[in-house]
Structures are given as C-alpha cells and as structure tokens.
Amino acid sequence: MKALNSGLLILLMFTVTLGCNDSEVIKQFEPGTISTASVEYSSTFSPSGEELYFARSEQKWASGNMKSTIYRSTRKNGSWSAPEVASFSGKYDDGDPHLSRDGNTLYFISTRPSEDSLVSADIWRVRKDAAGAWEAPERLPYPINSSGTEYGPRTDGDGNLYFASDRPGGYGQGDIYVSKKVNDSLSAPVNMGNTINSPTGEWNLEINGSGKLLIFEASQRPQNITGYGDLYISFKQGENWTLPQHMEELNTSGSDLFPYLPEAEDVLYYSSSDSLKGESTHIYYTDFKPLVAKYRAGARVPKKYLLTVNRSAHDLSLISLSNQQLIRRIPVGIGPHELSLSKDNKLAFVANYGSYPKPHEEAISSSQLEWVEEPQNTITRIDLTDFSTETFTIAGSEAHHGILTNVDGSVFWTTAENEAKLLELDGTSGEVLREYTTMPGSHILKANRDFSRIFVSNIASNTVSVIDREKDSITHISVPKGPEGLELSPDGQQLWVLCNSANKIVVLNTSTLEVIKTFDAEGKFPVKLAFINNEAWVANVFSKQISIFDASSFEFKGHIVLESTPLGITADNEQVFVSLPRKNTIEIYDPKTREKRGEFTQGMEQDGMVVINDVEGMIGE
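Going by mature numbering (1 follows the signal peptide of the UniProt record, and there is no 0), the letters in the sequence shown line up with residues -19 to -1, 1 to 602, in that order.
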C-alpha cells in the first residue's frame, strides 16, 4: 500500500473491532482512545490480550526533541480503558515497550540516568513482584547496552533477547543483534549477520515465540517506497534466515515500524506515520494469516559459496555449496596463504606469502612435503562483483601472511613477517597509510568490531601484539610458545590464541586484555579454529585431529580423527569445512552429529577459507 486513500481513511476512523479478518483492510487501533492526536507507537499486549502497553509522545514524529512516555490500558467488557501512564514511566524519555511471553517482565528503551549509563538510550527491564506490581526498573548491563543507541528489545519464547543497535562494528547504520538466554542470564549479543542486516539500517523488530519468524523495520533499502523505514519479513529455515521480503501491503511513504504479533500470530499490529508530518502516527492492525502465507511461500535462503586459497596453485577456488561444484578459479600472487572479505562480500584481499608446498596433483604424506621459497611483496585485491583483480606491490617488506579488511574494503591491514610490522593500507590504491612495529614472526591478525584494536600473533616471539588505534599505543602480551592462529568469539568479547608449539589455547578478554583461561589444546600443533553453535572446533596439524570445546565453559567435548593433516577450517550456520592440503580436499562435517557429510577436491594445498553469503545474488553460476 503506497498511501492511504480517502475512503480507507474514513474506514480507519470508524473501525474499532479488534482482530481484522479482511486481509485487504488495515485498521487503526482504537481511534480516540489509543490512537489520538498525539503520536502512538510500539504496542505490546499481555498474554491474555486484556492489558496493553504502548508509547505516546506529544511532539511531532521523528522530531529531534521527541520524548515519549509508556502508557497502560486494560480491556473490560470489550472496551479499552483510557490510557494511564505506566507506574515506572512518566519522568524520563521511555519508549519501545515489550512484554515478555509470560507478561511478568517488560523491556523498554530509556535515556534515564543510572550509575553505569553509557550516555545514549539503553535497554531497561522492569519485573512484576509477587503482588503483580512493577518493581524498580533496572538497566541491562554491558555488552547488551553499548556506547551507541539501542532500539526495540523483543524476546522469543525461550527468553532470547533481540534488539537493534547503532553500535560500532555492524554492517550499516543500525543492525539487529541477539543475546541468548543461558540459565538466568543473557549472553553477549551477536550480530544476526548480513542476510538480515545491510549497509543501510535495520531498527525495531518483532520475533515470534518459536524464534523462526522475524519482522523488522529497515531504512533506505532499494525496495523501500521512500528512504524512511519499511517493514520486512524473514523466516528461519534450519539454521539459516531467508532473504528479507518487503511487505508491500503495509508500507507507505512514511515510517512503518514497531511490528507486534500476539501468541496466536493471527493479527499483526504495527505503527505508521504515513507522511512524517506528525499528525497521523498511530497503531494499526491487520489480518496476518494471508500475509504470512504469501511471504512464507516466497521465502528463500541466499546461495552460499566457499572461497578458498590454493597455496600451490597460486589462486583461489570459488565453490558453490549447493552442489560443491567449482564456479571459477581466480589467479592471485605467488604462495597465497590467507584472505579477508569486506562485510558486504564484494571485495576480497589476499596475502601472497611467497612460501608454498611444491605442487602435487596426487595425495602425499607429510614426509613427502617439499617447500618452495619465492619471496613476495604483494597483495591481491579482488572485486567479487566482476572478478577483476588488482595487485598492490608493497616496497620494503616481504612475507605478508595475515590479512584483514575493514567493513567496506576502504582500508586493509597485513603483517610483514620478516620486518615484524603491521601495515595499514588504502584499499583502493594500496598506499601504505601507517606502519606499526610488532614483534618477530608477525603472522595472523584479527580486529575487534569497530577496528579500534587489532590483534597480531607473533609466532617467533611468543607474544600477541595489541594495537590500539584510538590511543595510538601497542601492548605486547606474553603467551605460551608458538602463537599462530587467532579467532574472535562470535560476540567479540574473547580472542582465542592457538599456541602450536606448546599445544595450548589462551583466551583473552578483548576489552581488558586479561587472560581468561589457558588450557590444553587436546591435540598437537593447533593452528586454526572455527566457532559454530557455541562450540570451538580446533584443527591440530600433527595429531590429525579436530578438538572440540564448549565456547563458554572451555570444556573439552571430543575429537574428530582425520585421515590426513588439517589446516584451514571455517563454518557457516550448519556445517564445518576442513581443508586437508596433503590430499587437496575439503571435508564437510555436521556440527550436531560430528559426522562427515562429504568431501570435494577443488584446489591444491588449501589454506585460508571463507563462506560467502550471497545476499545480493552477485555471483552467477
């Protein structure tokens, strides 16, 4: 619906029946009682449907000084009472209320002060006492709240918390995150990924009880009627979310946002400004059943591809994960080892190390391995939209091993192993912007979400260097012998360091840099790891094993014994990929059963690997 016509407006003014059965009619909720001359938005009902909380403001919609208050109304004998200010609201700017599935907890956004307030609007929670009265509100802790602004907290039937935030390190202006409920606590939030989030902005949302249906507001997407927020819907199929679909029946020229579904999922409530003039921002509702049937029928998950480095073939393999078929080979420099993708998956950067195993078409044993040395000083930049490549020559340094790009590929970093340096370069020209002195053997690098800190493993000096780009400082942390592999936990709160010569794993807090835990790798020569389903899968070269650990408790959970030496390892939402370079194969494992699903040979001496989630359909087969 592009705009409301006059006939429909008349209908909206006089329709007050709760629960619309006509899928072609969108109705305003309780005109004159709930929907008034003020701005009303973000409705949430009790499990019985007899109690309503919503936000109201006397300022114009989207005005810079807009302040809101949370109101409560109850239904008796089919009629809704005049709203009253909720007992916990009225003094500060409060909005985005959401009742938990049992009705005993209400989440909301507020700028009210607290001892640990982080300046901007944060997520708060208020609980009912034994008598059913609301207790004092409490602010949720860091890292659920951040230095940015949080929006639209919602919970599913398991108590997992979903919300939007404009915190640094996302895909766009605002992203949707999820904090899983673990016992009675909420885990550190994890970004929902680039199927849901985009380079523009994702904001308030609704998640159903099963956690398998998501409706959210997105701004400035190409499908939007205007640049303001429109509603999109996505379904979870297995472990993957489907591509968001634009809900054309609901979206207007203004802001369409704050979706809400009751437990029965028969009616969809949402808010709409229609014009951003501020006079018509109200709560609307419509029959959801025909809408969800239509969009479920059209739901599809994005295609996925595996991009892997072939050290001895001096190229990359792009492989379709739907059939394990090779799409294309992409030539790069001599002896590539690692690669890094921009968050939109459009740019790849490859470090050409120059040291590589002698090519072999057939499988070999480790004792047959021979190394070839051809010193290199290049980085290859690949545009994955057309597969064009550009080679950057970096004067004065060699043996570039680690590689990392920022969100959009405008800046990248690489380690210069021989010179013990980290180089920061322009992603378009390859110009060196800055050099950081690390320690001997600089190898792999990772960064925190906003790239304010970069972590470098120094394999020859038994240290991890931490470059603080905001403070312009470098800290060197001593770790057990042979630090090589680095990986950030999905929530970004931990850095796992694999110390191959000591057969140890060190877990660091990425904020405080304190050692959280040091434990045995349960294998010989650990080099790389991948996180999936709250597990860490570690590739051990000499023992030819994958060691699996609980990513929260660090408890060892078992081994997978391999036929040959592993090296590269990565995962998507539902499978783990392990490269066996002596065999020139990649094996696929089921993370739930730990059984091998299959294998394929599409390269030579595979090392670094990444999964491409092709949301925009840029890769043609």
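Each residue gets a CB set at the ideal place from its N, CA and C atoms; glycine is no exception.
- prompt: Short check: CB of residue 265 to CB of residue 9, under 9 Å?
  reply: yes
DSSP-derived helix/strand/coil call for residue 277: helix
message: Looking at residue 214: is its Cβ nearer than 9 Å to the Cβ of residue 194?
response: yes
- request: Report the residue from 447, 524, 511 and 232 whose alpha carbon sits nearest the alpha carbon of residue 555.
  value: 511
message: Assuming residue 133 is part of the beta strand (DSSP E), what are its boundary residues?
response: 131 to 136
- request: Tell whether a beta-carbon distance below 9 Å holds between residue 363 and residue 381.
  value: no
task: Within 10 angstroms of the Cβ of residue 481, are there 16 or more other Cβ atoms? Answer buried if so, exposed if not.
output: buried
query: Three or more beta-carbon pairs under 8 Å between the segment 442 to 462 and the segment 159 to 167, yes or no?
result: no
- prompt: By Cβ distance below 6 Å, which residues in the same chain neighbour residue 315 in space, the five residues on each side in sequence not counted?
  reply: 295, 333, 335, 355 and 357
query: Taking Cβ positions, are residue 567 and residue 580 nearer each other than 9 Å?
result: yes
- request: Rounded to whole angstroms, what's the CA-CA distance from residue 39 to residue 71? Just pull it up for me.
  value: 12 Å
Nearest-angstrom Cα separation, counted from residue 212 out to residue 227: 6 Å
8 Å Cβ shell around residue 374 - same chain, five flanking residues per side excluded: 358, 359 and 411
- prompt: Is the segment 218 to 225 close to the segment 118 to 127, with three or more CB pairs under 8 Å?
  reply: no
message: Let's see if you can read the secondary structure: which residues bound the beta strand (DSSP E) around residue 362?
response: 359 to 364
- request: Keeping to the same chain, check which residues put their C-beta closer than 8 Å to that of residue 540; ignore five residues upstream and five downstream.
  value: 503, 504, 526, 527, 528 and 529
- prompt: Shortest alpha-carbon distance to residue 87 belongs to which of 109, 550 and 171?
  reply: 109
- prompt: What span of residues does the beta strand (DSSP E) with residue 475 cover, start to end?
  reply: 475 to 480
task: Report buried or exposed for residue 586, applying the criterion of at least 16 other Cβ atoms within 10 angstroms of its Cβ.
output: buried
message: Can you tell me whether residue 124 is helix, strand or coil according to DSSP?
response: coil
- request: Identify whether residue 633 lies in helix, strand or coil by the three-state DSSP scheme.
  value: The shown model of the chain, from -19 to 602, leaves out residue 633, and the question about it has no answer.
- prompt: Rounded to a whole number of angstroms, what is the C-alpha to C-alpha distance between residue 205 and residue 198?
  reply: 10 Å
message: When you compare the CB positions of residue 384 and residue 302, do they come within less than 9 Å of one another, or not?
response: no
Residue 513 and residue 572 closer than 9 Å at C-beta: yes
query: The beta strand (DSSP E) with residue 539 in it runs from where to where?
result: 537 to 542
message: According to DSSP, residue 291 sits in a beta bridge with which residue or residues?
response: 296 and 587
- request: Would you mind working out which of 538, 549 and 443 sits nearest residue 458, comparing C-alpha positions?
  value: 443
message: On the criterion of 16 or more Cβ atoms from any shown chain inside 10 Å, does residue 500 qualify as buried, or is it exposed?
response: exposed
Identity of the residue in 65, 469, 313 and 123 nearest residue 491 by Cα: 469
query: In three-state DSSP terms, what is residue 225?
result: coil
query: What residue does the beta strand (DSSP E) around residue 518 start on, and which one ends it?
result: 516 to 521
message: Less than 7 Å between C-beta atoms, sequence neighbours within five positions excluded: which residues of the same chain meet that for residue 220?
response: 554 and 555
task: Any chance you could list the beta strand (DSSP E) runs of at least 3 consecutive residues sitting entirely within the segment 21 to 64, in chain order?
output: 32 to 38 and 49 to 57
Exposure of residue 478, with buried meaning 16 or more beta-carbon neighbours within 10 Å: buried
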